[in-house]
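Asks: Below you will find the structure I want to go over with you.
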Amino acid sequence: MSKDLKILSSDSYLELSKDQSQHFSADNREHEKLLKESCTLYVGNLSICTSEEQIFELFSRCGDIRNVFMGLDKSKKTPCGFCFVEYYNRADAENAMRFLNGTILDDHTIHTE
1 MSKDLKILSS DSYLELSKDQ SQHFSADNRE HEKLLKESCT LYVGNLSICT SEEQIFELFS
61 RCGDIRNVFM GLDKSKKTPC GFCFVEYYNR ADAENAMRFL NGTILDDHTI HTE
């Protein structure tokens, strides 16, 4: 997966997501169907200082956000550099993936999948 990739088609999103989900228990067709319908983005390479509020502020530029799920360190219960952003609709999630991938946030270049 290229970090320089800026604009993706809907099918490109599916291809990228396949790499990240090798432990999915349903069959491949069901998995592909769920990926094509998903409104949730993975956001990686976040600073451990990035807050949920900053994520909401940045990602809400692409549409209304249903929820943000911050990845937390198991023992410290502090942010550990990734989150999931859930939108109300697929089009907003795709726009965020296209336009916010490679954005600098808290001196980190974030990536979206």
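Going by the UniProt record's numbering, the first residue of the sequence shown is number 1, and it counts up by one from there.
Virtual Cβ for every residue (Gly too), placed ideally from N, Cα, C.
Looking at the strands, I want to know which residues DSSP matches up with E86.
Replies: Position 86 of the sequence shown holds residue 86. BP columns for E86 point to T40 and N67.
Asks: Quick one: measure Cβ to Cβ for T40 and F84, integer angstroms, because I've assumed they're closer than 8 Å.
Replies: In the sequence shown, residue 40 corresponds to position 40, counting from 1. In the sequence shown, residue 84 corresponds to position 84, counting from 1. Contact holds; Cβ gap of about 5 Å.
Asks: Which of helix, strand or coil does DSSP assign to I110?
Replies: The residue labelled residue 110 in the question sits at position 110 within the sequence shown. Reduced to three states, the DSSP call for I110 is coil.
Asks: Report the residue from E30, R29, S38 and N45 whose alpha carbon sits nearest the alpha carbon of T112.
Replies: Here residue 112 refers to the residue found at position 112 when the sequence shown is read from its first residue. Among E30, R29, S38 and N45, the Cα nearest to that of T112 is on N45.
Asks: With a cut-off of 8 Å on the beta carbons, I'd call D107 and S47 a contact; round off their distance for me.
Replies: Within the sequence shown, residue 107 is the residue found at index 107, counting from 1. Within the sequence shown, residue 47 is the residue found at index 47, counting from 1. Between S47 and D107 the Cβ distance is about 7 Å, and since that is below 8 Å, they are a contact.
Asks: Within 10 angstroms of the Cβ of T50, are there 16 or more other Cβ atoms? Answer buried if so, exposed if not.
Replies: If you number the sequence shown from 1, residue 50 lands on position 50. By the 10 Å Cβ count, T50 comes out buried.
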